[in-house]
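The block underneath contains the structure these notes are about, expressed in structure tokens.
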Amino acid sequence: MYSKCGELGDARKVFNEMPERNVVSWSGMIFGYAQLGENEEALRLFKRAVVEGVDVNDFTCSSVIHVCGNMTLLELGKQIHGLCLKKSYDSSSFVGSGLVSLYSKCGIIEGAYRVFDEVPIKNVGMWNAMLLACAQHAHTGKALDLFHQMQNAGTKPNFITFLSMLYACSHAGLVTEGQYYFDLMKKCGIEPGDQHYATLVDLLGRAGKLKEALKVIEEMPIQPTESVWGALLTGCRLHGNTELAAYAADRVFELGDVGSGLFMLLCNAYAAAGRLEDAAKARKMLRDRGVKKETGLSWVEEGNRVHTFAAGDRRHPKSEEIYQKLEELGSDMERAGYVADTSYVLQQMDDDTKKQAIRYHSERLAIAFGLISFPPERPIRIMKNLRICGDCHTAIKFMSKCTGRAIIVRDNSRFHRFENGKCSCGDYW
1 MYSKCGELGD ARKVFNEMPE RNVVSWSGMI FGYAQLGENE EALRLFKRAV VEGVDVNDFT
61 CSSVIHVCGN MTLLELGKQI HGLCLKKSYD SSSFVGSGLV SLYSKCGIIE GAYRVFDEVP
121 IKNVGMWNAM LLACAQHAHT GKALDLFHQM QNAGTKPNFI TFLSMLYACS HAGLVTEGQY
181 YFDLMKKCGI EPGDQHYATL VDLLGRAGKL KEALKVIEEM PIQPTESVWG ALLTGCRLHG
241 NTELAAYAAD RVFELGDVGS GLFMLLCNAY AAAGRLEDAA KARKMLRDRG VKKETGLSWV
301 EEGNRVHTFA AGDRRHPKSE EIYQKLEELG SDMERAGYVA DTSYVLQQMD DDTKKQAIRY
361 HSERLAIAFG LISFPPERPI RIMKNLRICG DCHTAIKFMS KCTGRAIIVR DNSRFHRFEN
421 GKCSCGDYW
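Final position of the sequence shown in the UniProt record's numbering is 429; the numbers increase by one with none missing.
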């Protein structure tokens, strides 16, 4: 009960004082930690349950699989998958949806498809997990097909289903289709929430329909949130409309406290238009309001270890090799035609210093680590907590071309699969 109410401290106290614990109490405690994002504690408790000989059930495994997906722990997730196969839990929709999410979040969409196809009876959660995976991996056509299959199977879509469909359309530029799903949602009796409106605004903004996007916001029956205005800001940055970006920023500031992401979107919109002084003013406003910019981090899994990098990071034991690899690869990339776009560096500095700064972004360090650590046939899978910048997106295309390696990057928006100098997103992200 305490766990479901979010009172983990009280729940843990009751759990620790229990003279005997069955699988229900273990599962409830693990689920509670997983639900509230206490991923490491959920894993520690699960490992302790296994050591103590608890016969974990499908509900326990489902919770831990979701944790592995959130932490992109592929190897541990595979071990839990093996346990589920051994105990015949793999036919459960709850376990299946978790596995689909796990493999998708770890960049293995083929594994997600296999799990999805092997589950005989699919609930709405299973369909939603697969639809979201397709959307994140730019398999838009597959998402549209799956939605029709879901309808034919008699499964009613819910608000998450339509959010996934809007997301898929947004990242493929399918304006007509996105509007269709938005209207269909309302016909199904589902009232759009702020995330649905944010995704519709994102769809219109990415397509350059900024006036239409603003009209959607102005006609919303609910108060536009930070995410809605942020979606408009993204479109303004992509299409260089700094006036509308400033208007959107003003509306965001009226909401009160806002995150650093909105400030950085505004900074990037100004920088993309060459208005560096305005970008500097926006950064000063961020500092004056006491808003801390989130540090960009990239990480890569090697066995059961996770290696994390920040921009310019030299703390890794293999830093010397990593930086040497980037220097060598940088020369190859320039010969292949790569030219650094320093407009993504917002600080005032000379051009050479900007090139140095952008060369050592966290995702590039993680990729270099993968290049020196993994065999040639193994794809390099990188996770990043923020959106990949435009120059790094271009650079990684050249990296894949010059090395012949498949490089998969998951940022905070979607997956990018780089192969032979091309990205799966088609440069639309």
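No residue lacks a Cβ here, since even glycine has one placed at the ideal position from N, Cα and C.
### Query
Which residues does DSSP pair with H307 in a beta bridge?
V300
### For H66, three-class secondary structure by DSSP
helix
#### Entry: Backbone secondary structure at R289 - three-state DSSP
coil
### Query
For A172, which residues of its own chain have a beta-carbon under 6 Å away from its beta-carbon, when the five flanking residues on both sides are left out?
T140
### Message
Between the alpha carbons of H416 and A310, how many angstroms are there, rounded?
### Response
20 Å
### Query
Out of curiosity, what's the CA-to-CA distance linking R305 and F374?
13 Å
### Query
If we call anything under 9 Å between Cβ atoms a contact, is V100 one with N57?
no
### Query
In whole angstroms, what is the alpha-carbon distance linking N39 and V51?
19 Å
### Query
Between which two residues does the beta strand (DSSP E) harbouring M383 extend?
I380 to K384
### Message
Quick check: Q197 and P224, are their CB atoms within less than 9 Å of each other?
### Response
The identity of residue 197 in the sequence shown is Tyr, whereas the question assumes Gln. Yes, these two residues count as a Cβ contact at 9 Å.
### DSSP state of R206 mapped onto helix, strand, coil
helix
### Message
Tell me the rounded alpha-carbon separation between L174 and K47.
### Response
45 Å
### Query
Start and end of the beta strand (DSSP E) containing residue 430?
Only positions 1 to 429 of the chain appear in the structure, and residue 430 is not among them; the question remains open.
### Task
Output yes or no for whether 9 Å exceeds the beta carbon distance between L200 and G230.
no
### Message
Short of 6 Å in beta carbon distance, which residues of its chain neighbour M1, apart from the five on each side in sequence? Order them along the chain.
### Response
Bear in mind that the predicted position of M1 carries a pLDDT of just 44, short of 50, making it too unreliable to give a figure here.
### Task
Determine contact between the segment 76-92 and the segment 311-328, defined as no fewer than three beta-carbon pairs at a distance below 8 Å.
no
### Query
Could you give the distance in angstroms between the alpha-carbon of D145 and the alpha-carbon of K354?
45 Å
### Message
Using a Cβ-Cβ distance cut-off of 9 Å, determine whether K187 contacts chain B.
### Response
The chain labelled as chain B is not found in the depicted structure, where only one protein chain is given.
#### Entry: V252 in three-state terms, based on DSSP
helix
### Segment contact flag, the segment 330-338 with the segment 390-399, C-beta cutoff 8 Å, min 3 pairs
yes
### Message
Using C-beta distances below 7 Å, list every residue in its chain close to C5, excluding the 5 sequence neighbours before and after it, in chain order.
### Response
In this prediction, C5 scores a pLDDT of 47, lower than 50, which makes its location untrustworthy; no coordinate-derived value is stated.
### Task
Would you list the residues sitting across from R410 in a DSSP beta bridge?
M383 and F415
### Query
Does DSSP put K422 in a helix, a strand or coil?
strand
### Message
My assumption, with CB atoms under 8 Å, is that G205 sits in contact with L232. Please give the rounded CB distance.
### Response
6 Å
### Query
Under a three-way DSSP split, which group does C5 fall into?
In this prediction, C5 scores a pLDDT of 47, lower than 50, which makes its location untrustworthy; the coordinate-derived value is nonetheless stated afterwards. Three-state DSSP puts C5 in coil, outside helix and strand.
### Query
What are the boundary residues of the alpha helix (DSSP H) that H239 is part of?
E226 to H239
#### Entry: DSSP state of E327 mapped onto helix, strand, coil
helix
### D55 in three-state terms, based on DSSP
coil
#### Entry: Beta-carbon contacts of V119 that lie in its chain and below 8 Å, excluding the five residues immediately before and after
D90, S91, S92, S93, G96 and M126
### Task
Could you tell me if Q149 is buried or exposed, where buried requires 16 or more neighbouring beta carbons within 10 angstroms of its beta carbon?
exposed
### Message
With a threshold of 8 Å on Cβ separation, who are the neighbours of I372 within its own chain once the five nearest residues in sequence on each side are excluded?
### Response
K318, E321, I322 and K325
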